[in-house]
Amino acid sequence: MESNPLTSVMLPLALAFIMLGMGLGLLPDDFRRMGRQPKVVAVGVICQMVVLPLIGVLIVAVVPMPPVIAMGLLVVALCPGGPSSNLITYLAKVDVALSVSLTALSSLLTVVTIPVLANLALRWLLGTEAEIRLPIGTTMAQILLITLVPIATGMGLRRRWPATALRLERQVSRLAAGLLALIILLLLVREGDKLPAFLWKAGLGVVLLNGLGTLAGFLAGRGSGLPLSQRLTLAIEVGIQNCTLALAITAGLLRSPEMAVPAALYGLWMNVAGLAMVRIGRQLTARSQPTAT
Numbered sequence: 119m120e121s122n123p124l125t126s127v128m129l130p131l132a133l134a135f136i137m138l139g140m141g142l143g144l145l146p147d148d149f150r151r152m153g154r155q156p157k158v159v160a161v162g163v164i165c166q167m168v169v170l171p172l173i174g175v176l177i178v179a180v181v182p183m184p185p186v187i188a189m190g191l192l193v194v195a196l197c198p199g200g201p202s203s204n205l206i207t208y209l210a211k212v213d214v215a216l217s218v219s220l221t222a223l224s225s226l227l228t229v230v231t232i233p234v235l236a237n238l239a240l241r242w243l244l245g246t247e248a249e250i251r252l253p254i255g256t257t258m259a260q261i262l263l264i265t266l267v268p269i270a271t272g273m274g275l276r277r278r279w280p281a282t283a284l285r286l287e288r289q290v291s292r293l294a295a296g297l298l299a300l301i302i303l304l305l306l307v308r309e310g311d312k313l314p315a316f317l318w319k320a321g322l323g324v325v326l327l328n329g330l331g332t333l334a335g336f337l338a339g340r341g342s343g344l345p346l347s348q349r350l351t352l353a354i355e356v357g358i359q360n361c362t363l364a365l366a367i368t369a370g371l372l373r374s375p376e377m378a379v380p381a382a383l384y385g386l387w388m389n390v391a392g393l394a395m396v397r398i399g400r401q402l403t404a405r406s407q408p409t410a411t
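Everything in the sequence shown is counted per the numbering used here, starting at 119 for the first residue and increasing by one.
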């Protein structure tokens with residue numbers, strides 16, 4: 119999936135707009151709560167930084183695939199969550215503040231972990247090494263411009279005009295689902311001719327990474343005694359990775375279009391799986407709420 123106006127301009131702008139709407143429904147105390155709940159943050163970081171890469175190693179060890187494709191899949195597993203995980207959390211009506219906090223924290227940590235672990239994977243799978251230095255400024259600017267700045271702007275509007283902000287948030291929530299569906303449709307139309315080759319090379323590995331990561335996040339949350347909203351948030355955050363960063367590493371820094379195949383396919387699949395998570399999250403959350411008598 120090469121860079122094009124859809125992925126480089128339309129998608130970031132759509133996500134930034136949706137993040138603005140997301141901020142309209144958040145309060146500063148939502149983020150202060152994260153500081154008072156170090157347990158849930160620690161569980162999320164461990165799942166993202168340790169459990170998911172181990173799942174990736176297990177998949178490439180068990181599922182037959184060319185070494186270069188296996189390497190591409192591990193790069194996806196090493197990446198942090200991204201704006202898409204925040205969007206899906208928002209649409210699923212679960213803990214957005216937790217999702218945003220984990221995305222920002224894991225993005226900072228992976229600046230150090232990706233170069234180290236990716237080189238270990240290169241030596242294991244391909245018998246080579248590469249100089250991998252993530253563009254820290256670009257990576258953090260992406261997080262700030264697409265995620266944190268729009269959310270902070272929305273929160274500022276909520277504080278200044280609370281009634282108007284809440285009305286707008288409801289409208290943006292409905293619009294967000296339509297935008298996500300449109301983005302998926304456009305991506306499928308543009309990349310449709312490549313899908314058979316992508317699926318043949320990396321389909322099973324991508325589906326397993328997304329599915330097992332989602333399951334691991336949910337089970338870790340349940341095992342830690344977290345409420346349903348936070349369990350679902352962890353499931354989404356661990357299951358949805360920053361495939362844009364994975365594409366930049368594989369196709370850009372490592373100059374391997376074939377290695378970029380898992381990231382390209384993951385970028386398509388995670389949005390389809392994300393819509394399913396939105397439906398599941400809304401249903402489970404609605405069931406867990408007490409009914410009025």
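Using N, Cα and C, we set each Cβ at its ideal position, and we do this for glycine too.
As the structure is a prediction and not an experimental result, all values here were calculated from the model.
> Quick one: is Val-390 buried, meaning 16 or more other Cβ sit within 10 Å of its Cβ, or exposed?
Replying inline: That one is exposed.
> Between Gly-323 and the rest of its own chain, which residues show a CB-CB distance below 8 Å, the 5 nearest in sequence each way excluded?
Replying inline: Exclusion of the five residues before and after Gly-323 leaves Ile-177, Val-178, Val-181, Met-183, Ile-187, Ala-188, Leu-191, Pro-380 as the residues of its chain whose Cβ lies within less than 8 Å of its Cβ.
>> Just to confirm the assignment, what range does the alpha helix (DSSP H) spanning Thr-221 have?
In response: 214 to 243 is the extent of the alpha helix (DSSP H) around Thr-221.
> Val-163 and Leu-350 look like a contact to me (Cβ under 8 Å); what is the Cβ gap, rounded to whole Å?
Replying inline: Between Leu-350 and Val-163 the Cβ distance is about 17 Å, and since that is not below 8 Å, they are no contact.
>> Please state the DSSP three-state secondary structure of Ser-121.
In response: Confidence in Ser-121 is poor, its pLDDT being 49 and thus under 50, which makes the residue's placement unreliable; the coordinate value appears in the next sentence. Per DSSP, reduced to three states, the secondary structure at Ser-121 is coil, with no helix or strand assignment.
>> On a Cα-Cα basis, can you pick out the residue from Arg-340, Gly-341, Thr-368 that is closest to Pro-233?
In response: Nearest C-alpha to Pro-233: Thr-368.
> What is the rounded straight-line gap between the Cα of Val-161 and the Cα of Ser-342?
Replying inline: Val-161 and Ser-342: Cα-Cα distance of roughly 8 Å.
> Short check: CB of Thr-228 to CB of Pro-198, under 8 Å?
Replying inline: Yes, Cβ-Cβ distance for Thr-228 and Pro-198 is below 8 Å.
> Can you list, in chain order, the residues of its chain whose CB lies under 7 Å from that of Ile-206, leaving out five sequence neighbours each side?
Replying inline: Taken in chain order, the residues that qualify are Ile-354, Ile-358, Gly-392, Met-395, Val-396.
> Are there 16 or more other CB atoms within 10 angstroms of the CB of Trp-279, so buried, or fewer, so exposed?
Replying inline: Classification for Trp-279: exposed.
> Is it buried or exposed for Val-168, if we count other Cβ within 10 angstroms and need 16 for buried?
Replying inline: Val-168 should be labelled exposed.
>> To the nearest angstrom, how far is the alpha carbon of Pro-268 from that of Phe-336?
In response: Cα to Cα, the separation comes out at about 28 Å.
> Which whole-angstrom value describes the C-beta separation of Thr-221 and Asn-237, a residue pair presumed to lie in contact below a C-beta threshold of 8 Å?
Replying inline: Between Asn-237 and Thr-221 the Cβ distance is about 24 Å, and since that is not below 8 Å, they are no contact.
>> Would Ala-210 and Gly-399 be called neighbours here (beta carbons separated by less than 8 Å)?
In response: Gly-399 sits close to Ala-210, with the two beta carbons spaced by under 8 Å.
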